[in-house]
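In the order they appear, the protein sequences are chains E and C.
Take our numbering: the last position of the first sequence gets the number 1254, and nothing is skipped along the way.
Take our numbering: the last position of the second sequence gets the number 182, and nothing is skipped along the way.
C-beta: ideal position from N, C-alpha, C; glycine also.
Quick caveat, the model's predicted, so the values are computed rather than measured.
Below is one structure, written out as structure tokens; comments come after it.
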Amino acid sequence: MSMSSFIDDETLQEYISESLEHLADIEQDLLTIEEGGAEIDEEVVNRVFRAAHSLKGGAGFLALDTIKELAHKIENVLDMMRNREIVPNPEIINILLNSFDKLRDLINNSATSNEVDVDEFIVALVGLTTAHLAPTEQESVSNLVPITKNNGTIIFEVPEIDLDQAKKSAQNLYLLEYDLIHDVYQHGKTPMEIIKNVMDLGTIIESLVDIERVGTLDDAPINSIPFYMLISSIIEPVVAPDFLDLPEEKVLLISYDGQQHGGPQEPEQTQETPESIQETTPVTETPPVATDPEPEPQTPELKGKPAQKAAPPQAPEKPTPAPKTEKTDSPKESSKSEAPSSLRVSVNLLESLMTLAGEMVLSRNQLLQAISQQDQHSIKLSGQRIDLVTSELQEAIMLTRMQPIGSVFNKFPRVVRDMSQKLDKEINLVITGKDVELDKTIVEGLNDPLTHLIRNSADHGIEKPEPRVAAGKPRAGKIDLKAYHEAGQVNIEITDDGNGLDAEKIADKALEKGMITSDQHKAMSQKEKMALILLPSLSTAEKVTDVSGRGVGMDVVKSNIDQLGGQIEIDSEIGRGTTIKIKLPLTLAIIPSLLVTVGGERFAVPQVNVSELVRIGAAQVKERVERVGDSEVMPLRGELIPLIRLDSILGIKSTLANPETGEKIDDRRQMIADRRSPTTAIDESLQQVPEEKPETQARSGHDRRYMASSDLNIVVVSAGSFKYGLVVDDLHDSVEIVVKPLGRHLKHLFSYAGATIMGDGRVALILDVAGIAKLANLISMAGSRRAQDLAESSEENRDKDRQALLLFGNSPEEPCAVPLDIVERVEQVKYEDIEIKSGQKVIKYRGGSLPLFALADVSEVTELDQEQELIVIVFTVGDREIGLLASQPVDTIEIKAVIDHDTLRGTGIMGSAIIKEQTTLIIDIYELVETLKPDWFKRLQKKDERLKEAQRINAGSGTYIPPEKKKILLVEDSDFFRSQLKKYIDDDERQCVQAEDGLIAWNWLQEHPDELSLIITDIEMPNMDGFELCRRIRNDNRFDYLKIIAVTSLASDEHIAKGKTVGIDDYQIKLDKEKLLASIDEHIQ
Amino acid sequence: MADSTLQLCSFQLADALFGLDTMLVQEIIKVPEITKVYQAPEEITGIINLRGKIVTIIDLAIKLDLPTEVETKNRRIIIVESDNEPFGLMVDHINDVIHIDGDEIDPSPANLRATQGRFISGVFRNEEHLIAILNLEEIVNQTEKKAD
């Protein structure tokens, strides 16, 4: 007869779920044991032992013989380990790990477990036990000792070793006989509870349900099902029956040779006469099963068991099953993906839910009452109350779904360990943030992608020890697995210090496969190239695995993470390692979202995807939005952000006129990117100025497509590793929305992630940021040559080749510009406010008077129109502040200026450049002031004296000796600055030698080691930067005599400190001519 | 026996009469504010909030390739359910519930155009009217294919 027929499902389920729980932490513990080696942590070994033991105990009852056998053999090994007879080593742990794996398999498929062949494991485990036994004891493993009952029936045959182990710890052996009907079910217990109770008291060596005794169809009604257990325990025989809750005659003390002694005689009686049982057990009622006249013997009593169990008077001792309450206190245990259908929740939480539900009902009643009484005040109050209770309720309900991520993380030490053994690598896995909690579904969904990523890191990322040592890395590789909260999200980072990803090779592969165009290929950033690995057909291609070291299944990882509403980012450096960062929402059900409207329709953009909001004023749209082919891009801090108009991508009635194409490309390259110099006063004034007067400057009729009122609202969203801007009509609040899935007809739409119901009851769609990008065919930047140009020019923003200029007018026909870096402020003034004192124009300014100059004072340019609104540009020249009178419009621009130093050269004008298609004068404010106020400059006076002196000497000697010019090496990569600085330096006494970068300078120095009087160098330069150049110079004693002045556009303290350490003598701001020249005078040799 | 009697919820689309087994009808509602879903197939009017559930609305007239009338105040939405998902069928006018005998249903005439034919499971004729009985499953399941 089959076992399953009388073991009810409930018991089996209980056993399975508990067993899986026991197994959940096993790996961790085994790995700890392995780490400890000979230093055995008894507590841990005990824990593992108990797990195996519980498995065995239950399996015995459920007749899961294979499981019992395997668990038992594992237990033997652990027992010896506990007694320090076996020293754990990787090999032993391997066997144990594999055996536990097998056990888990068997338990998951318990129905068929008895047919599974586990000999392989048994042999290995028995091998372990015997190998560590003294030769004399070895046969004890195979020697079977019969255990008999009083009447001589052999109940068990137990290997001698089991008895020996009990003997060693001086324990008593008992043969217990529980009757499942009378001793268990009628006591309102479950077999599992009995087993647990026994295990608390001792160790189960063998257990068995005596099926033979149950009888067959033809037999009389069954009234007992004996369940035998052989246990070892330290409990004294006298008290054992009490502890075990068994009648005395059913507890037999067994000697170590297997003979029973003690305990009453005539055990048959107890089994065959139900009456006697009723006498000895405190059951008050005659059990219905026992008296049932016509039971179905095949599926007998136990079927009716749940009903009996539920009968309250029959469960007097333990109204609530003890093990249950014990577990509920620790919901963290309940985290195996194998049993996702149920979830353990702490009682506290449930109670708070109950309380809140009560509150809710109460508030509802109040509300109903208030409504029926038309009591506005009370209605309002109840409304508030319900609001409060609802949010608390929501929070509490969400909490029930939260699980620590540790349940996933815990399996990785094993994964990494196994892989490092298999691959002959040394890998340390460092896990942090196990306690971080996430929604249950997310935690479960993370299992696969994380496993994949960890395996990838171990397999392809970390190198073997030898190459690592050769590359100057520690032998053992390191994988960091980290979870942490950040801005309402959970981040998971997997970092390895392996050989990294080669973005170029990935991109080449993608190009080869035709997944990107060669234009795109060129225009992509490193990060974007890296992200290509997430594309499906690329990463599944086997070849890439070899080249890139990663890849297979990365698309699966990505789609898994996408499903969880997460994002994945890859960062890698060849030879240094790879970091994969996954950003996850805490929960999927409720997400904070930004509301936007387009064409009157509302949409929600998940806040996770929103990286920033940009509003471009109508007047600036033309400058800040570039056209690339037929798509638009916006430069943002050196990055090009493709723009997608939400209305056109979704087909919402488009209000746009067809824009012109291809016109004035050069012109358009001039854009207002964020400047690096933070001159706030200017920022403010500049931002106001164009807003107020949007029409003046070169606004020709062709930009009708942006009405003056149409500011562009752009939500910069990030979809994976790349960003784009979503152009919408209006931006609204950020709200928490409940995500509802779309129906089957709409699920396939890329554009939406779901729908939500707004406060007013209407429905709004949730945008799928990645889907919209797909819809717009954006893999990354819309590719074209223009995009590439733009990308390059945008990258140049970081170089100094581009120069920020302040544009202003002298007269409308004479646009002028000065380097923005030297401008202090821009102020608006009225002509009437200008006073003339002792021939000098001044204005009251910040409690003093500010001397004013105009370009017309020195050069032949048009006089300023006095009717116009004037502005004053404030500079610091020498130690003084001066103002330059100018007119509107004021603007800033960042361009690669090609300055013509000849054509329009004049006093106070260093040259001209074509800016916005107009010839623009570049003003040299220093020259202007020097010309007008030479007496302000001590330097000039000194120089004058020196010259006069020289002339006097020359005149005296009668011969003219041209003064030998001192050579100054000027190292600067920006043409603009170089020519500017050269102009400052070159004069009758000094001559400038120019070098475009550190390397050129260094090479020049090698050839001319002793010609120089001074070096002036920029810091940030290609090929060799200023720091490196200084380091080299200072390490070469030929140049000990030389002083070095560093010039930068921005001297931070950090820079200066670093400069000092490499031997820079002085720091100067590039365009502060006075200070720079003073410094030159001071340091020149 | 009662086995073969059928209650039909009859409704109008343009000039034609259609019927749907009342057992399939969950409720009939007035047309609420509908959120349009851009990019969706043409016959999907949009989605609505039905007591916290998101319900996809199918415009039957478009689905059945009938001339759509200018929106009238008689328009109603029949809420049905298929595979545990609620749908709303937009119709021009709701008529009576009529009791018919299963025997009275004829197979749909062969001359029904192919697009319509799929969606009609049979035809009922009484003294004055011809009522086409809708095949709900076809209607809600065929929609994706029309999307392209």
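Taking the beta carbon of Arg913 (chain E) as reference, the chain C residues within 7 Å of it are Glu119, listed in sequence order. If you draw a 10 Å sphere on the C-beta of Glu632 (chain E), you find 16 or more other C-beta atoms in it, and that means buried. In the DSSP assignment, Pro988 (chain E) falls within the beta strand (DSSP E) that extends over 984 to 988. The beta carbon of Gly371 (chain E) lies closer than 6 Å to those of Ile400, Ser401, Ser402 in the same chain, with the five residues before and after it left out. DSSP places Asp288 (chain E) in the uninterrupted alpha helix (DSSP H) bounded by 288 to 300.
Beyond the five residues adjoining it in sequence on each side, Lys97 (chain C) comes within less than 6 Å, by CB distance, of Glu77 in the same chain, given in chain order.
Here Asp1048 (chain E) carries a coil assignment [DSSP, helix/strand/coil]. Residue pairing from DSSP places Pro811 (chain E) in a beta bridge opposite E:Val802. Put simply, the CB of Lys943 (chain E) is far from chain C, with every gap to its CB atoms at 8 Å or more. Around Gly86 (chain C), the beta-carbon contacts reaching into chain E at under 7 Å are Ile926. Less than 8 Å divides the Cβ of Ile661 (chain E) from the Cβ of Leu753 (chain E).
For Ser780 (chain E), no Cβ of chain C is located within less than 8 Å of the residue's own Cβ.
Closer than 8 Å to the CB of Ala933 (chain E) there is at least one CB belonging to chain C. Using a Cβ-Cβ distance cut-off of 8 Å, the segment 573 to 592 of chain E and the segment 618 to 627 of chain E are in contact, since at least three pairs of beta carbons, one from each stretch, lie closer than that value. A Cβ of chain C is located within less than 8 Å of the beta carbon of Leu819 (chain E). In summary, Lys225 (chain E) is buried, with 16 or more beta-carbon neighbours lying within 10 Å of its beta-carbon over all protein chains present.
Straight-line measurement puts the Cα of Asp1155 (chain E) at about 19 Å from the Cα of His1177 (chain E).
Here Thr79 (chain C) has Ile68, Ile91, Asp93, Met124 as same chain residues with Cβ atoms under 6 Å from its own Cβ, once five neighbours each way along the sequence are excluded.
Val514 (chain E) carries a coil assignment under DSSP once its states are collapsed to helix, strand and coil.
Within chain E, Arg931 have C-beta atoms less than 7 Å from the C-beta of Glu67 (chain C), given in sequence order.
Distances from the alpha-carbon of Phe1208 (chain E) to those of E:Ile1233, E:Pro1191, E:Ala1226, E:Lys358 put E:Ile1233 closest. For the options E:Arg994, E:Ser1007, E:Val1027, E:Met723, the alpha carbon positioned closest to that of Gly1052 (chain E) is the one of E:Arg994.
The beta carbon of Ala676 (chain E) is closer than 8 Å to those of Ile685, His690, Met693, Lys698, Leu701 in its chain, skipping five residues each way along the sequence. Within the segment 73 to 122 of chain C, the complete alpha helix (DSSP H) segments at least 4 residues long are 94 to 97, listed from N- to C-terminus.
The three-state reading of DSSP puts Ala773 (chain E) in strand, counting E and B together. In summary, no residue of the segment 157 to 174 of chain C has a CB separated from any CB of chain E by less than 7 Å. Beyond the five residues adjoining it in sequence on each side, Asn517 (chain E) comes within less than 7 Å, by CB distance, of no other residue in the same chain. The alpha-carbon separation between Ala939 (chain E) and Ser887 (chain E) amounts to approximately 8 Å. The continuous alpha helix (DSSP H) containing Ser268 (chain E) extends over residues 259 to 277. In this structure, Ile751 (chain E) keeps its C-beta atom at 8 Å or more from the C-beta atom of Pro775 (chain E). Our two residues, Met529 (chain E) and Leu519 (chain E), have alpha carbons roughly 15 Å apart in a direct line.
Against Glu770 (chain E), the close residues of chain C are Thr69, Lys70, Tyr72, in the order they occur along the chain (beta-carbon pairs closer than 9 Å). For Ser920 (chain E), a Cβ of chain C is located within less than 8 Å of the residue's own Cβ. Ala526 (chain E) counts as exposed, since fewer than 16 other C-beta atoms from the protein chains shown sit within 10 angstroms of its C-beta. Counting the other CB atoms within 10 Å of its CB gives Arg1049 (chain E) a total below 16, which places it among the exposed residues. Cβ neighbours of Ile821 (chain E) within its own chain (closer than 8 Å, five residues either side excluded): Val767, Gly768, Glu770, Leu815.
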